[in-house]
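Just so you know, we're using the numbering used here here: the sequence shown kicks off at 79 and counts up by one.
Only one structure is covered here, and it is reproduced in the block below.
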Amino acid sequence: MLGESIQRSPTMELQRLSLLLALPLALLLPACVTADPEAASAQPPNPDPAHNSRLSLDWDGTYRGVLPCADCPGIETVITLTADGTYLRTVRYLDREDGNRRDQGEFEWNDAGSAVILGDGEDSQRYQVGENRLFFLDRQGHRIEGALAENYVLVKDLTDPRLEDREWVLTELMGEPVSPAEGQPAPSLHFDSSTGRVSGSDGCNRLMGSYRLFERERIEFGQLAGTLMACPDMTLPDRFLEVLDRVGDYAINDGELSLFKGRMAILARFRESTSASE
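Pasting the structure below:
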């Protein structure tokens with residue numbers, strides 16, 4: 079498929095992408111999805127420029143989600159909007175090894191300043207800009223409603239300067255103080271806000287992987303990888319990795335990072351390192 083995309087023009091690729099995204103709408107709207115007529119009529123003919131999304135929201139950033147697909151499990155979509163008026167869009171068809179697509183260009187705002195338009199003419203797509211959300215719009219500029227409405231939303235990648243670009247050293251695991259084995263470092267984590275990557279140590283091997291922040295101090299770790307060195311005592315490293323796999327929430331108070339899951343007890347505590355060499 080990637081080979082095919084090289085031979086096709088950008089216009090042909092965007093037409094295919096727009097068609098695939100439109101197909102699930104055509105199939106599903108009659109059954110259980112309705113367009114929201116108020117989404118198009120909610121904006122007055124002459125909206126107050128001080129209260130539109132373009133001026134009042136911190137909209138630039140990266141948004142991602144999985145949009146419905148007529149002939150595949152879904153289309154993983156990532157859209158980055160920048161303050162200079164350009165966009166980068168990457169899509170991946172989840173059941174196809176060569177199903178990646180990518181395009182970029184300039185986007186436009188609608189007259190109300192509430193939605194962005196990516197692409198031109200029949201190839202264009204519209205997204206209503208909300209608070210940390212992009213809402214996919216149909217050809218009439220309406221938001222999707224009904225049981226499948228949440229499937230047509232892209233969520234913005236969030237950042238937290240209290241957490242990111244700092245070194246966190248493990249002090250407590252499952253309610254017990256951490257005591258690294260002799261000659262082994264204490265487990266630690268470093269969250270890089272510019273890449274969305276986490277790195278550190280499990281107390282034996284170096285760790286690396288991805289993470290993502292969500293509203294209300296929720297966090298999700300991607301698959302973590304590491305070196306394969308064998309240490310004399312792997313008890314702490316193994317337990318630390320097990321805990322990270324269960325984490326879903328975090329909190330920061332007085333220079334201490336706590337990781338937990340829902341209303342469960344705190345799974346791990348860290349202190350912020352004050353030494354760059356630690």
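Even glycine gets a Cβ: it sits at the ideal position worked out from N, Cα and C.
Using a C-beta cut-off of 8 Å, the region 327-345 makes no contact with the region 227-237, since fewer than three inter-stretch Cβ pairs fall below that distance. A residue is called buried when at least 16 other Cβ atoms come within 10 angstroms of its Cβ; threonine 155 meets this threshold and is buried. Using a 10 angstroms sphere on the CB of alanine 308, the tally of other CB atoms stays under 16, which defines it as exposed.
Shown here for leucine 196: same chain residues with a beta carbon closer than 7 Å to its own, the five before and five after excluded, namely Tyr165, Arg167, Phe185, Ser202, Gln203 in chain order. Non-local beta-carbon contacts of alanine 329 in its own chain, meaning distances under 7 Å to residues more than five positions away in sequence, involve Glu295, Ser336 in chain order. Taking leucine 302 as the centre and dropping the five residues before and after it, the same chain places the C-beta of Leu285, Gly287 closer than 6 Å to its C-beta, in chain order. The beta carbons of leucine 251 and leucine 345 sit closer together than 9 Å.
Looking at the DSSP output, proline 255 shares a beta bridge with Glu250. Tyrosine 328 has Leu337 as its beta-bridge partners, per DSSP. In the DSSP assignment, alanine 193 is bridged to Gln206. In the structure shown, asparagine 178 falls within a strand segment according to DSSP collapsed to helix, strand and coil.
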